[in-house]
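Position one of the sequence shown corresponds to residue 14 (my numbering), numbered consecutively onward. Yeah, the Cβ is synthetic: ideal placement off N, Cα and C, and Gly gets one too. The next block holds one structure in the form of structure tokens; read it before the comments.
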Amino acid sequence: MHSRHRGLIFAVLCGLPVLYPPQVFSAQRPLTDQNLQAREKLNLNFKTGIDYSQGHYGTPDLYRDWESFFKLSLSDDKLYLASTVSWVKTTASDGYRAEGWSDLSLEMSYTLDLNNDFFLDLDTELILPTADPDNEIGTGVVGYFLGATLTYEQDWGYVSSSVGVDIGGDKVEPVFPGTPSVSLDAGLKVADGVFFGATYDWERVRNDSPVSEATAYLDMDISDDFSLYLYLLKGFTDNSSDIGTRATVTYRF
């Protein structure tokens, strides 16, 4: 299995643009108006969606990845907890095929209000090897992710910058003490409950070209209870997806 496919499971678990390693930091501060105004109370959300990406990932074969994820999160103005699992299917032009349930992702984030519209999220994620190893979907080992996100928010939208490190989670090529990643994100409020935004993500891959991907997205409230998230992704290096797309629906209980 190529290295990108081993890392795919970490990416698809987070309910975010497909990145490598998992970019849990982008999920902690929802964009939509209802969520921005609801920090002072306890919020229970269910998120599900479908994702597609394809790329060669440094191989002569074209890999196509589909996933449908299911994510339950609980949050207030400071603490964010989430659990995610996905059904993943991968095919390749050489006849390779793998499908099944992914590893289980457990996320936690704590938000510090730095005043003057600045917020700092301290993020951690634990990947439990719950996937059936016969399906070649999970890694078979425990993975960890640590990250931090600095966000500046205004009525017009927000800008954020993130750093993270992926520790463990690769039985073939152990990455301890960790592979670093950075992310830049900006969202613009174009109407009540409607945001357009763009994200750039970079991650170092040991002894190989880095992952470098840009994403354009739309995040909008459909009603008081539902929101819709759509994105398009473009990769720029051998280890990146050539293209990707996702549709996500969130229900707020």
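- Annotation for L92: Y123 place their beta carbon closer than 7 Å to its own, counting only its chain and skipping 5 residues before and after.
- Within the model, the alpha-carbon separation for D130 versus L55 is close to 21 Å.
- Exclusion of the five residues before and after L163 leaves L133 and S174 as the residues of its chain whose Cβ lies within less than 6 Å of its Cβ.
- Contact between the region 236–252 and the region 62–73 is present, with at least three C-beta pairs closer than 8 Å.
- By the neighbour-count definition (other C-beta atoms within 10 Å, threshold 16), R265 is a buried residue.
- Annotation: I150 to R259 spans about 20 Å, alpha carbon to alpha carbon.
- For W79, the enclosing beta strand (DSSP E) stretches over residues Y76 to S88.
- In the structure shown, P146 falls within a helical segment according to DSSP collapsed to helix, strand and coil.
- Going by beta carbons, G210 and L201 fall inside the 8 Å limit.
- D74 and G108 have their C-alpha atoms spaced approximately 9 Å apart.
- With a beta-carbon spacing of about 6 Å, S96 and L85 fall inside the 8 Å limit used to define contacts.
- A buried status is given to A105, since no fewer than 16 other beta-carbon atoms sit within 10 Å of its beta-carbon.
- Annotation: L55 is outside any beta strand (DSSP E) and is labelled neither H nor E by DSSP.
- The beta-carbon distance between G156 and P146, rounded to whole angstroms, is 14 Å. This is too long to meet the 8 Å contact definition.
- Within the same chain, S66, Q67, G68, L245, L246, K247 and G248 come within 8 Å of I256 by CB-CB distance, once the 5 residues on both sides are set aside.
- When the beta-carbon positions are compared, P223 and T250 come within less than 8 Å of each other.
- Under the DSSP assignment, R217 falls outside any beta strand (DSSP E); it carries neither an H nor an E label.
- Between T192 and F158, the gap from beta carbon to beta carbon reaches 8 Å or more.
- DSSP places F131 within a strand segment (E or B) once states are collapsed to three.
- Non-local beta-carbon contacts of G113 in its own chain, meaning distances under 6 Å to residues more than five positions away in sequence, involve D145, N148 and I150 in chain order.
- In terms of Cα proximity to S118, the closest of I140, M233, G160 and A161 is I140.
- A distance of 8 Å or more separates the beta carbons of L87 and M121.
- According to DSSP, G177 shares a beta bridge with G160 and S194.
- Apart from the 5 residues on each side of it in sequence, L135 sits with its Cβ closer than 6 Å to the Cβ of Y123 and A161 in its chain, given in chain order.
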